[in-house]
Amino acid sequence: MLPNIRIVLVQTYHPGNIGAAARAMKTMGLSDLVLVNPRRFPDPEASQLAAGAEDLIDQARVVDSLTEAVSDCVQVVGASARLRSLPLPHFDEPAEMARDVVAQAADDPVALVFGRERFGLTNDEIRCCSHQVSIPANPDYGILNLAQAVQVLAHEVFTAWRRQPQSDFRLARPAKERRPSREQLGHFHDHLTRVMQRSGFITQPHARTEAQLQALFARAEPSRKELSLLRGLLASLEQHLPDERLPDREPGDD
Ligand code: SAH
Numbered sequence: 005m006l007p008n009i010r011i012v013l014v015q016t017y018h019p020g021n022i023g024a025a026a027r028a029m030k031t032m033g034l035s036d037l038v039l040v041n042p043r044r045f046p047d048p049e050a051s052q053l054a055a056g057a058e059d060l061i062d063q064a065r066v067v068d069s070l071t072e073a074v075s076d077c078v079q080v081v082g083a084s085a086r087l088r089s090l091p092l093p094h095f096d097e098p099a100e101m102a103r104d105v106v107a108q109a110a111d112d113p114v115a116l117v118f119g120r121e122r123f124g125l126t127n128d129e130i131r132c133c134s135h136q137v138s139i140p141a142n143p144d145y146g147i148l149n150l151a152q153a154v155q156v157l158a159h160e161v162f163t164a165w166r167r168q169p170q171s172d173f174r175l176a177r178p179a180k181e182r183r184p185s186r187e188q189l190g191h192f193h194d195h196l197t198r199v200m201q202r203s204g205f206i207t208q209p210h211a212r213t214e215a216q217l218q219a220l221f222a223r224a225e226p227s228r229k230e231l232s233l234l235r236g237l238l239a240s241l242e243q244h245l246p247d248e249r250l251p252d253r254e255p256g257d258d
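Taking this note's numbering, I'd label the letters of the sequence shown as residues 5 to 258.
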């Protein structure tokens, strides 16, 4: 029903949670399940808790990293009960997130990402996201079970899809106006880092500066056209930089 909306579960510990998440997805019209390094999968417990959603379990893809799971997505929303220090755009209201996700998913894949039962998502994983969302809950005990968090957000997405006006049946937006995929954005940030290093703005890899710039561009939500303008600008600046290559620059990394 909503083929462009992917659910990604990162390193799930209990296979039963994978099954219950699949069931939650199917009840809300979602079917694309990607598992990043699950502890045990396939597993009978996952199939049992999936009940009528075993087809989702059978089709689930298992990958090695979150980057791989979302590289083709134009929007990646990390679900987190706690706010982190990373200044990524944050949806305080899941309904607002759902409207945006449904709109983006009309043309391109998007993902909702859920962390481990014990400690959620790492900072590096949050960095793979374009946005964060929290489910408002009891301030004294606001952490939901993983599959229940999937259920709540999947329900919001389904509701947003159901409520969108019929006039939304429209022609696809031209590619240039659409948001870049995480992979395209990743190439831009690699390019930016390279220019910062070659120009001497930073003298060695500087994760904090890079994270701040990533957050800035995440908030700006550039289109593919704007991103290619920035790539052109970087390429032009690069031509005026001294030729010598820094040791950590990969050959052929252009
Ligand atoms: N102990 C972990 C929470 C794990 S719950 C921690 O402190 O971060 C498993 C996953 O469910 C979380 O990583 C998150 O993706 C989702 N989740 C649970 N409660 C949530 C909430 N209130 N808002 C958004 N996501 C939530």
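Every residue gets a Cβ at the ideal spot worked out from N, C-alpha and C, and that includes glycine.
- C-alpha of P7 to C-alpha of L37: approximately 10 Å in a straight line.
- For V12, same chain residues with a beta-carbon under 6 Å away, outside a window of 5 residues either side, are V38, A73, A115 and V117 in chain order.
- Distance from the C-beta of V81 to the nearest heavy atom of the ligand SAH is not below 7 Å.
- Under the DSSP assignment, A219 falls in the alpha helix (DSSP H) whose first and last residues are A211 to A224.
- Looking at the DSSP output, A50 sits in no beta bridge, so it has no partner there.
- Approximately 6 Å separates the beta-carbon atoms of A153 and I139; this is inside 8 Å, confirming the contact.
- Counting along the chain, Q79 sits inside the beta strand (DSSP E) bounded by residues Q79 to A83.
- As DSSP reads the structure, L34 sits in no beta bridge.
- As the crow flies, the alpha-carbon of I147 is around 22 Å from that of N41.
- Between the C-alpha atoms of W165 and V106 there is a straight-line separation of about 6 Å.
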